[in-house]
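Each protein sequence line maps, in turn, to chains D and L.
Here numbering that gives the first Met the number 0 is used: the first residue of the first sequence is 0, the next is one more, and so on.
Here numbering that gives the first Met the number 0 is used: the first residue of the second sequence is 0, the next is one more, and so on.
Where is the CB? At the ideal position from N, CA and C, for every residue including glycine.
In what follows, a single structure is set out as structure tokens and then discussed.
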Amino acid sequence: MTEPWTKDRGLEVIRAHQHIEAATLPILHALQDAFGCVPEEAIPLIADALNISRAEVHGVISFYHEFRSKPPGRHVLKLCRAEACQAMGGDILATAAEAKLSVHFGETSPDGAVTLEPVYCLGLCACAPSALLDGKPLGRLDRERLERIIEGAAR
Amino acid sequence: MTRIYIPCDSGALAVGADEVAAAFESAARRRQIPLDIVRTGSRGLYWLEPMLEVETAKGRIAYGPVAIADVESLLDSGILSGGVHRLRLGVAEEIPFLKRQTRLTFARCGIVQPLSIEDYRAHGGTAGLRRALAMGPAGIVEEIVQSGLRGRGGAGFPTGIKWKTAREAEGAQKYIVCNADEGDSGTYADRMIMEGDPFLLIEGMVIAGIAVGATRGYIYLRSEYPHARRILVAAIAAAQRANLLGKSVAGSGFDFGIELCVGAGAYVCGEETSLLESLEGRRGMVRAKPPLPAHHGLFGMPTVVNNVISLASVPSIVERGATFYRDFGMGRSRGTMPIQLGGNVRHPGLFEAGFGLTLGEIVDDIGGGTASGRPVRAVQVGGPLGAYFPRALFDTPFDYEAFAAHDGMIGHGGVVVFDDTVDMARQAHFAMEFCALESCGKCTPCRIGAVRGAETIARIRKGERIAENLMLVEDLCNTMKYGSLCALGGAVPYPVMSAIRHFPEDFRRVAAE
Chain D
0 MTEPWTKDRG LEVIRAHQHI EAATLPILHA LQDAFGCVPE EAIPLIADAL NISRAEVHGV
60 ISFYHEFRSK PPGRHVLKLC RAEACQAMGG DILATAAEAK LSVHFGETSP DGAVTLEPVY
120 CLGLCACAPS ALLDGKPLGR LDRERLERII EGAAR
Chain L
0 MTRIYIPCDS GALAVGADEV AAAFESAARR RQIPLDIVRT GSRGLYWLEP MLEVETAKGR
60 IAYGPVAIAD VESLLDSGIL SGGVHRLRLG VAEEIPFLKR QTRLTFARCG IVQPLSIEDY
120 RAHGGTAGLR RALAMGPAGI VEEIVQSGLR GRGGAGFPTG IKWKTAREAE GAQKYIVCNA
180 DEGDSGTYAD RMIMEGDPFL LIEGMVIAGI AVGATRGYIY LRSEYPHARR ILVAAIAAAQ
240 RANLLGKSVA GSGFDFGIEL CVGAGAYVCG EETSLLESLE GRRGMVRAKP PLPAHHGLFG
300 MPTVVNNVIS LASVPSIVER GATFYRDFGM GRSRGTMPIQ LGGNVRHPGL FEAGFGLTLG
360 EIVDDIGGGT ASGRPVRAVQ VGGPLGAYFP RALFDTPFDY EAFAAHDGMI GHGGVVVFDD
420 TVDMARQAHF AMEFCALESC GKCTPCRIGA VRGAETIARI RKGERIAENL MLVEDLCNTM
480 KYGSLCALGG AVPYPVMSAI RHFPEDFRRV AAE
């Protein structure tokens, strides 16, 4: 469960990882684990802690697909869009997920329940099509099962 | 007490292995049967997952794919003594898909408990390290050179030469960096080793460290593998407790420590110089080579960057000798390769074998054709940057040079099968879109080329000036192939041009309609 952003908690998280050699990514991961995202307000604090410019911090955050600037919904569904899943009907599944949640990839459903994100390979290519729901692997998905999973998460 | 084995590999978890294990536990409790459920990695026969194995006097008897609904009937059939059931597969090692393999790197995967160092040792683990210590650093490097091992991540560079270069380089601190950013679609061998036999990777890194004089190691793991992450964290801690890592590893006088670093969803970070930038905490921008990482790598120090499977191949090479390993394979591709079958294939799974099987044998014979039952139309080998092969090229042997001769690559060994419903113009379009999405942006051919390539293929798919636009794409692919800084822009022409060359009808479809 993530917590709302406060400057004090943000600083605490940053300080806990500041000592690591090349701490940028570990700090960003820790912030996202705590707050569900890397809030804009954290950027100057990270820059200060690591003695780098705010532009550099922004550059790192924006380079990596994983980091969000806004908290996600209560659940995050990462649906694989890569070739092995395409070969098993992944595109149909992607369209179904968007329709079921009334979102495009990268958005959160209107009720705040599920954020739908694309992912390019989960290493589950031998049980395609696949997805991760809050880190739990799901394989051999079909439209019906995916819709059931989405309904379960929305409850 | 009967012992049953149920995988906890994420491929098995994805199809319900945890739920099946829980159902067995509660059914056994209800029936008052003492049952010891042991969680292992996966054997890699994924169409049979969740596959459970029962320990009997005749060996491990396998059953699969097991659903929760099968648990009661399995117990009724007396599976705890290897009883007959419609899901019974027989002794695991005798299943043809497994029996035909040469399992060197994956010898323990699916058999041992991933986090038990006792189990690891009982099944031959650390024998390579013991032999390595007896050989000494120079001896290890020579053994790896002689084995003919080439980088299993995709580039196929001789591992021994890389180690020799790093060993001879001057530096106050040297590093072993394990590239566990397994981003290629269709590949999961790294994941299986990290989840199923993590000490093997650790042992390989320790041996590499001793060989080149590095005391520090990093594993750069992709964030899309949360389960592998949990297992690696626990495995590193267990290895430290067992003195497989730390000060004077196994009493040898050599120090070696490993830190785990998690990526953040950038495909390009699988490229070694981009990975080093990312490890150092920056945007994963590709570095120009030279200088080579072996001279000027992590934090400017001599660094060996090796793929998980390259490092995991090392202990058995050192233990059994270069000649033993080199005797498998063909031409300049020596040893074994874990081939990973995925996508629309009847028998998806991991098949470790010496190089030289033909693509047709792999897809039709081992893979059993498509899962949909329709004809196989195209096979993409080597990830999103690998070429699409038509049936006409199914006589190509699985070998670095043979695939290169057909403007393709074996890459990390992923084989993704498509049936005859595939639209190859769409696949070519996707390859360019993916490159545009993942380009680090440092070099122009990749940054601009991928965007323009995707736009041009989109026009072709709409039927706009097809012949002229195809010429433009080919010209662009040449620029990208020869002008890009790394393999992302440099190899995306493989899937694009192979689709155009081998499946031209898909690019003229709209015009014909």
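Name the one or two DSSP bridge partners that residue i has.
i, result
"M336(L)", "A352(L)"
"I218(L)", "C177(L) and L259(L)"
"R38(L)", "I5(L)"
"G342(L)", "V416(L)"
"Y387(L)", "Q379(L)"
"A130(D)", "L78(D) and L137(D)"
"N50(D)", "DSSP output for N50(D) lists no bridge partner at all."
"T55(L)", "G58(L)"
"R458(L)", "None; R458(L) has no bridge partner."
Which of helix, strand or coil does DSSP assign to residue i?
i, result
"F127(L)", "In the sequence as displayed, the identity of residue 127(L) is Gly instead of Phe. Correct three-state label for G127(L): helix."
"C84(D)", "helix"
"I3(L)", "strand"
"M357(L)", "The question names Met, but residue 357(L) in the sequence shown is Thr. It is a strand residue."
"E512(L)", "Because E512(L) carries a pLDDT of 49, less than 50, the predicted location of this residue cannot be relied on, and no value is offered for it."
"V111(L)", "coil"
"P492(L)", "helix"
"E20(D)", "coil"
"M193(L)", "helix"
"I32(L)", "coil"
"G63(L)", "coil"
"T101(L)", "coil"
"M329(L)", "strand"
"N468(L)", "helix"
"L487(L)", "helix"
"N477(L)", "helix"
"P25(D)", "helix"
Can you find a C-beta in chain D that's less than 7 Å from the C-beta of residue i?
i, result
"R282(L)", "yes"
"S184(L)", "yes"
"Y387(L)", "no"
"N343(L)", "yes"
"E512(L)", "Note that E512(L) scores 49 on pLDDT, short of 50, meaning its location in the model is unreliable and no value can be drawn from it."
"P292(L)", "no"
"V415(L)", "yes"
"A236(L)", "no"
"E190(L)", "According to the sequence displayed, residue 190(L) carries Arg and not Glu. Judged by the 7 Å Cβ criterion, R190(L) is in contact with chain D."
"L12(L)", "yes"
"S9(L)", "yes"
Apart from the five residues just before and just after residue i, which ones in its own chain have a Cβ nearer than 6 Å to its Cβ?
i, result
"V415(L)", "G185, G341, G342 and Q379"
"R42(L)", "G109"
"A27(L)", "L34"
"I94(L)", "L88"
"G58(L)", "V90"
Assuming residue i and residue j form a contact by the criterion Cβ under 8 Å, report the distance between their Cβ atoms to the nearest whole angstrom.
i, j, result
"R166(L)", "A210(L)", "6 Å"
"V304(L)", "P292(L)", "5 Å"
"V495(L)", "C476(L)", "6 Å"
"G264(L)", "E223(L)", "7 Å"
"M191(L)", "L349(L)", "6 Å"
"L44(L)", "L97(L)", "7 Å"
"M423(L)", "G452(L)", "That pair is no contact at about 15 Å."
"E400(L)", "G489(L)", "Their Cβ separation, rounded to whole angstroms, is 18 Å, which puts E400(L) and G489(L) out of contact at 8 Å."
"T335(L)", "T104(L)", "7 Å"
"G151(D)", "A13(L)", "Incorrect: roughly 16 Å between the Cβ atoms, too far for contact."
"I3(L)", "V53(L)", "5 Å"
Within the same chain, show all residues whose beta-carbon is closer than 8 Å to that of residue i, passing over the 5 residues directly before and after it, in chain order.
i, result
"G88(D)", "P128 and D141"
"Y217(L)", "Y174, I175, V176, C177, I257, E258, L259, C260, L278 and L297"
"P136(L)", "R166, I209, A210, V211 and G212"
"Q17(D)", "I26, A48 and L49"
"G367(L)", "V344, R345 and H346"
"S108(D)", "G72, L100, S101, V102, T114, L115 and A153"
Are any of the Cβ atoms in chain L nearer than 7 Å to that of residue i?
i, result
"A93(D)", "no"
"P62(D)", "With the sequence shown as reference, residue 62(D) is identified as Phe, and Pro is not the correct amino acid for it. So, interface residue."
"M87(D)", "yes"
"L123(D)", "yes"
"V37(D)", "no"
"L24(D)", "yes"
"L10(D)", "no"
"A41(D)", "no"
If I measure Cβ to Cβ from residue i and keep anything under 7 Å in the same chain, skipping five residues before and after, which residues do I get?
i, result
"A11(L)", "S41, E48 and P49"
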